[in-house]
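Visitor:
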Amino acid sequence: MIEKLDYLLALSREEHFGRAAEACNISQQTLSAGVKQLENRFGVQLVRRGSRFQGFTPEGERVLAWARRIVADARAMHEDVSTLKRGLAGTLRIAAVPTALPMVAALTTPFRKRHPGVRFSIESTTSADIFQLLDGLEADAGLTYLDNEPTGRVITVPLYTEHYRLLTAAGGPYDDRDSITWAEAGRVPLCLLTPNMQNRRIIDQQLRIAGTEPAPTLESNSMIVLMTHVRTLQWASIMPAILADALGPTEGVRSIPIVEPDLTHVIGLVAPRREPATPMVTALVAIARTIAGTLDQMGPGDPRRAGGRRG
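Residue numbering for the sequence shown follows our numbering, starting at 4 and increasing by one per position.
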């Protein structure tokens, strides 16, 4: 039963019979037969079929919701028993918004020290997709914004506060300034994250409040792409201060705090709210709570600390 429920979860993720079968490492015929057996057992149609996958019936959606809970519990039970036998092992899957990626090491490094048998898989994605990955059992935890997303169905651990800076070439119009306003930042040609990213939506909203319509000259879903363009000294960008510091100093680049207002957002760990939680998630949450708030208090030389002028 659990194996066949897993087929449904794969079909929900992939929305394609062939890809779902491939994800389960089985043939498409085996997957279709497994779904049909579930339908016979419940006495209802679960999947709308045609020449291709057409979605789930209302009954299928209800079964899918139960499947997520049952499969998650089965995996948690297996992990719990395995941990008693051989200690914590397996792969810990973390999804993170791009601006939080440099902070992942603050969690994975102490985790690995305590549990050397664990491997890690880190995925960069949008804040909305993180919750979908958690619901679909494709991620164990996430790093994302805690004050702009619905977080009632997950455990949350605030880690640090995000502030914002303009990264621009030294010698530019604001070179003699220790801070600038959002209105002034909006007058500089910018490269920014793509609109589907929460960080971009935050920046766009604040620029509009300041009276400027966002019109970036370059967009990317990668912070590395933005930073490499800034380092040419021909581009500017607005980035979280903690990220700008983590990417390291660059000759000729100024990192200028943006104030009026000093906009802040809380970044933290999110994990499924399940009882009992898996040993892997329990251990990660414990580490997150240990370091919670300390990232804002690191010394100037620590790459995880936000702040400081360079260039």
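Beta carbons: idealized from backbone N, C-alpha and C, even for Gly.
Could you tell me if residue 219 is buried or exposed, where buried requires 16 or more neighbouring beta carbons within 10 angstroms of its beta carbon?
Guide: buried
Visitor: Among 205, 297, 238, which one has its Cα closest to the Cα of residue 102?
Guide: 205
Visitor: With contact counted as at least three CB pairs below 8 Å, one residue from each stretch, are the segment 164-177 and the segment 251-266 in contact?
Guide: yes
Visitor: Roughly how many whole angstroms lie between the Cα atoms of residue 134 and residue 227?
Guide: 24 Å
Visitor: Taking residue 164 and residue 267 to be in contact with their CB atoms under 8 Å, please state how far apart those CB atoms are, rounded to whole angstroms.
Guide: 5 Å
Visitor: Using three-state DSSP, classify residue 63 as helix, strand or coil.
Guide: helix
Visitor: Label residue 243 either buried or exposed according to how many other C-beta atoms from any shown protein chain fall within 10 Å of its C-beta, with 16 as the threshold for buried.
Guide: That one is buried.
Visitor: Closest to residue 288 by C-alpha separation, out of 76, 223, 114, would be which residue?
Guide: Considering only alpha carbons, the answer is 114.
Visitor: Given a threshold of 16 other Cβ atoms within 10 Å of its Cβ, counted over all protein chains shown, does residue 179 qualify as buried or as exposed?
Guide: Exposed: under 16 other Cβ atoms inside 10 Å.
Visitor: Using only CA atoms, which one of 188, 69, 183 lies nearest to residue 138?
Guide: The candidate whose alpha carbon is nearest that of residue 138 is 69.
Visitor: Measure the C-alpha to C-alpha separation of residue 198 and residue 157 and round it to an integer number of angstroms.
Guide: 25 Å
Visitor: In the DSSP assignment, what residue or residues form a beta bridge with residue 242?
Guide: Paired residues: 168.
Visitor: Cβ of residue 140 versus every heavy atom of the ligand SAM: is any distance shorter than 7 Å?
Guide: Ligands are entirely absent from the displayed structure, and the ligand SAM is therefore not among its contents.
Visitor: Taking 8 Å as the cut-off, does the segment 186-200 touch the segment 85-99 (at least 3 CB pairs, one atom from each stretch)?
Guide: no
Visitor: Which of the three DSSP states is assigned to residue 10 in this structure?
Guide: Of the three classes helix, strand and coil, the one that applies to residue 10 here is helix, per DSSP.
Visitor: So for residue 17, helix, strand or coil by DSSP?
Guide: The answer is helix: DSSP assigns residue 17 an H, G or I state.
Visitor: Are the beta-carbon atoms belonging to residue 222 and residue 246 less than 8 Å from one another?
Guide: no
Visitor: Decide if residue 45 is buried, meaning its Cβ has at least 16 other Cβ atoms within 10 Å, or exposed.
Guide: Residue 45 is exposed by the Cβ-count criterion.
Visitor: Please report how far the alpha carbon of residue 201 lies from the alpha carbon of residue 207, in whole angstroms.
Guide: 10 Å
Visitor: Is the beta carbon of residue 1 less than 8 Å from the beta carbon of residue 19?
Guide: For residue 1 there is no data in the structure shown, the boundaries of the chain being 4 and 314.
Visitor: If we ignore side chains and look at the alpha-carbon of each, how far apart do residue 39 and residue 282 end up?
Guide: Taking the straight line joining both Cα atoms gives about 34 Å.
Visitor: Would the beta-carbon of residue 71 fall within 8 Å of that of residue 140?
Guide: yes
Visitor: Check the C-beta distance from residue 99 over to residue 127 and give it rounded, since I have them as a contact under 8 Å.
Guide: 6 Å
Visitor: My parser needs the alpha helix (DSSP H) runs of 4 or more residues fully inside the segment 266-300; what are they?
Guide: 282-294
Visitor: Could you have a look at residue 54 and say whether DSSP puts it in helix, strand or coil?
Guide: coil
Visitor: So what's residue 29 in DSSP terms, helix, strand or just coil?
Guide: coil
Visitor: Suppose contacts are defined by Cβ-Cβ distances below 8 Å. Is residue 295 in contact with residue 160 by that definition?
Guide: yes
Visitor: Could you tell me whether the Cβ atoms of residue 239 and residue 298 are closer together than 8 Å?
Guide: Against a cut-off of 8 Å, the Cβ pair of residue 298 and residue 239 comes out as no contact.
Visitor: For residue 29, which residues in the same chain have their Cβ closer than 6 Å to its Cβ, ignoring the five residues on either side in sequence?
Guide: So no residue of the chain qualifies.
Visitor: Just the Cα atoms here: how many angstroms apart are residue 61 and residue 42?
Guide: 13 Å
Visitor: Do you know whose CA, among 274, 277, 248, 269, lies nearest residue 105's CA?
Guide: 248
Visitor: Taking the Cβ atom as the reference point for each residue, do residue 74 and residue 5 lie within a distance shorter than 8 Å?
Guide: yes
Visitor: When you compare only the Cα positions, how much space is there between residue 131 and residue 11?
Guide: 22 Å
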